[in-house]
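Novice: In terms of numbering that gives the first Met the number 0, the sequence shown opens at residue 0 and continues consecutively. Quick reminder that beta carbons are idealized off the backbone N, C-alpha and C, glycines included. All figures in this text were calculated on a predicted structure; none of them were measured in a lab. What follows is a single structure, and I will ask about it in a moment.
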Amino acid sequence: MLNFDSQGLVPAVIVDDTTGDVLLVAFMNQEAYQLTRQTGQTHFFSRSRNKIWHKGEQSGNVQEVRDIFINCEENSLMIRVQQHGEAACHEGYHSCYYRRILPDESFEVVAERIFDPADVYETEQSEGEPMTTDTGQSQTPLELEQALRQLYAVYILLRDQDHTATSNTSRLLHEKNHSFLVGRLADELGELAGVQTGEHVHTGLQEDTTLEGSQVGYWLFLLAAINQLDYGSFNPHTAVLQGFIAHYTEDQINELRQKAIEFLASNDQAHLVRGLTAGFALIGWACVSAGISPLAPVEYDLDQMRSKGLLK
């Protein structure tokens, strides 16, 4: 008998029946499991949208079920499928596991991209657990990545060019006072957590989460920039989304905040990456806790950059 967890979910590992590649890992509730059995195609439960999604409903890259296996404790599944359309990952790769983690904790892409997500999902939702705002407007992981890359590029520009006469951010990037930046980040992480508990209030939960989330992202990006980290070495969009779909306990949130500060105080690149990942995950957690899109803090910062003439 299949044992669903306290939230009514079981993880399902999806394996290509032809190649043996692990394509993705997603969650099923009872309804998604029954739909998978009945239709012969994989269905999953989106924790971020709180709804069932049919793999391939937007892209056409459906998965035909060949076999379903259950583990020894009867609390997870392995499903062997025939993958249609070659790419199972919403980022355009055959498998979601297209990157290798290197000794320094950076990522190396080891697979060839089959399609451009911008072409496939230009007007439709991504199937990789898209995020939905309280206004009902869908936002995809691809849009989050594009926005964060655009934002980080501004900080790199302010680091590599001298705008210290007109930009306090440029001055901070040129001063490279690592300990000062970590201290400011620690303050903002505390305020972001305080917004969620009602201990730190400016305007309201959603507005304050947007503001404080943008501030946390600001100090994280400054730390990444002064340490010469490429965007791909820490992939903040992935960390934000991980925090958004995770179900952290209060103890886990406190531990994550402590780890972020501890690792970012180090000069070791691997520790810096881990600290950045923890910090950005906390932004995602705060966004889902407040019921806003994980894009909200980023869009707030981009608007600020536009108002200062740093972006068009």
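1) Tell me, please, which residues DSSP counts as bridged to residue 42.
2) With contact counted as at least three CB pairs below 8 Å, one residue from each stretch, are the stretch 214 to 232 and the stretch 243 to 256 in contact?
3) Just to confirm, are residue 22 and residue 16 a CB contact at a threshold of 7 Å?
4) On the DSSP bridge list, what partners appear for residue 25?
5) With DSSP collapsed to three states, give me the class of residue 326.
6) Give me the Cβ distance between residue 62 and residue 82, rounded to the nearest whole Å; I'm assuming they're in contact under 8 Å.
7) Taking the C-alpha atoms as reference points, what is the distance between residue 116 and residue 144?
8) What's the C-alpha gap between residue 148 and residue 30?
9) Which residues in the same chain as residue 309 place their Cβ atom closer than 7 Å to its Cβ, once the five residues preceding and following it in sequence are excluded?
10) Ends of the beta strand (DSSP E) at residue 297?
11) Of all the options 280, 295, 93, 271, which has the alpha carbon lying nearest to the alpha carbon of residue 253?
12) For residue 136, is the classification buried or exposed, using 16 other Cβ atoms within 10 angstroms of its Cβ as the cut-off for buried?
13) Tell me residue 100's beta-bridge partners as DSSP assigns them.
14) Please name the residue or residues paired with residue 68 in a DSSP beta bridge.
15) Starting from residue 186, trace the alpha helix (DSSP H) both ways and give me its first and last residue.
16) In the DSSP assignment, what residue or residues form a beta bridge with residue 63?
17) Could you check if residue 122 is buried or exposed, using at least 16 other CB atoms within 10 Å of its CB as the buried criterion?
18) Assuming residue 224 contacts residue 276 (C-beta within less than 8 Å), just tell me the rounded distance between them.
19) Contact check, residue 181 vs residue 75 under 8 Å by CB: the rounded distance?
20) For the stretch 237 to 293, list the alpha helix (DSSP H) runs that are entirely contained and at least 4 residues long, ordered along the chain.
21) Would you kindly report the start and end of the unbroken alpha helix (DSSP H) that includes residue 224?
22) Taking the alpha helix (DSSP H) that residue 154 belongs to, which residues open and close that run?
23) Can you name, in chain order, every residue of its own chain whose Cβ lies under 7 Å from the Cβ of residue 98, other than the five neighbours on each side?
24) Between residue 306 and residue 157, what straight-line distance do the alpha-carbon atoms span, to the nearest angstrom?
25) Compute the Euclidean distance between the alpha carbons of residue 215 and residue 111, then round it to the nearest angstrom.
26) DSSP state of residue 6, grouped into three classes?
27) Which same chain residues end up closer than 7 Å to residue 269 when comparing Cβ atoms and leaving out the 5 residues on each side of it in sequence?
28) Flag this pair as yes or no: are the beta carbons of residue 302 and residue 213 separated by less than 7 Å?
29) Taking DSSP as the reference, what is the three-state secondary structure of residue 122?
Specialist: Well, looking at it:
1) As a working mapping, residue 42 is identified with position 43 in the sequence shown. Partner(s): 53.
2) no
3) The residue given as residue 22 occupies position 23 in the sequence shown. The residue given as residue 16 occupies position 17 in the sequence shown. Not a contact, by the Cβ cut-off of 7 Å.
4) Locating residue 25 in the sequence shown gives position 26, where the first residue counts as 1. Note: residue 25 sits in a beta bridge opposite 11.
5) Not covered by the structure: residue 326. The range shown for the chain is 0 to 311.
6) Here residue 62 is taken as the residue at index 63 of the sequence shown, counted from 1. Here residue 82 is taken as the residue at index 83 of the sequence shown, counted from 1. With a Cβ gap of about 6 Å, residue 62 and residue 82 count as contacting.
7) Looking up residue 116 in the sequence shown gives position 117. Looking up residue 144 in the sequence shown gives position 145. Approximately 12 Å, taken between the alpha carbons.
8) Within the sequence shown, residue 148 is the residue found at index 149, counting from 1. Within the sequence shown, residue 30 is the residue found at index 31, counting from 1. Cα to Cα, residue 148 sits roughly 37 Å from residue 30.
9) As a position in the sequence shown, residue 309 is number 310, starting the count at 1. Contacts found: 153.
10) Position 298 of the sequence shown, counting from 1, holds the residue named residue 297. Residue 297 -> not in any beta strand (DSSP E); alpha helix (DSSP H) instead, spanning 295 to 306.
11) Taking the first residue of the sequence shown as position 1, residue 253 is located at position 254. The shortest C-alpha separation from residue 253 is found at 280.
12) For the purposes of this step, residue 136 is taken as the residue at position 137 of the sequence shown. In this prediction, residue 136 has a pLDDT of 35, which is less than 50 and means its spatial position is unreliable; what the coordinates show is noted afterwards. So residue 136 ends up on the exposed side.
13) Counted from its first residue, the sequence shown places residue 100 at position 101. Its beta-bridge partners are 106.
14) The residue labelled residue 68 in the question sits at position 69 within the sequence shown. Beta-bridge pairing links residue 68 to 77.
15) Locating residue 186 in the sequence shown gives position 187, counting from the first residue. Under the DSSP assignment, residue 186 falls in the alpha helix (DSSP H) whose first and last residues are 177 to 196.
16) The residue labelled residue 63 in the question sits at position 64 within the sequence shown. DSSP output for residue 63 lists 40, 81 as bridge partner(s).
17) The residue given as residue 122 occupies position 123 in the sequence shown. Bear in mind that the predicted position of residue 122 carries a pLDDT of just 39, short of 50, making it too unreliable to give a figure here.
18) For the purposes of this step, residue 224 is identified with residue 225 of the sequence shown, where counting begins at 1. For the purposes of this step, residue 276 is identified with residue 277 of the sequence shown, where counting begins at 1. Between residue 276 and residue 224 the Cβ distance is about 16 Å, and since that is not below 8 Å, they are no contact.
19) Indexing the sequence shown from 1 puts residue 181 at position 182. Indexing the sequence shown from 1 puts residue 75 at position 76. By a beta-carbon distance limit of 8 Å, residue 181 does not contact residue 75. Their separation comes to about 39 Å.
20) 249 to 263, 268 to 289
21) Counting from 1 along the sequence shown, the entry for residue 224 is found at position 225. Taken as a continuous stretch (DSSP letters only), the alpha helix (DSSP H) holding residue 224 covers 204 to 225.
22) The residue given as residue 154 occupies position 155 in the sequence shown. Run containing residue 154: 140 to 159, per the alpha helix (DSSP H) assignment.
23) If you number the sequence shown from 1, residue 98 lands on position 99. Same-chain partners within the cutoff: 106, 107, 108, 109.
24) Taking the first residue of the sequence shown as position 1, residue 306 is located at position 307. Taking the first residue of the sequence shown as position 1, residue 157 is located at position 158. C-alpha separation (whole angstroms): 15 Å.
25) The count along the sequence shown starts at 1 and reaches residue 215 at position 216. The count along the sequence shown starts at 1 and reaches residue 111 at position 112. Looking at the two C-alpha atoms, the distance is approximately 34 Å.
26) As a first step, residue 6 is located in the sequence shown; it is residue number 7 there, counting from the start. If DSSP states are grouped into helix, strand and coil, residue 6 belongs with coil.
27) Counted from its first residue, the sequence shown places residue 269 at position 270. Correct list, in chain order: 103, 104.
28) For the purposes of this step, residue 302 is taken as the residue at position 303 of the sequence shown. For the purposes of this step, residue 213 is taken as the residue at position 214 of the sequence shown. It is not a contact, given that the beta carbons lie outside the stated cut-off.
29) Start at 1 with the first residue of the sequence shown, and residue 122 comes out as number 123. Legend: pLDDT at residue 122 = 39, less than 50; position of this residue unreliable, value from coordinates given subsequently. DSSP places residue 122 in coil when its eight states are reduced to three.
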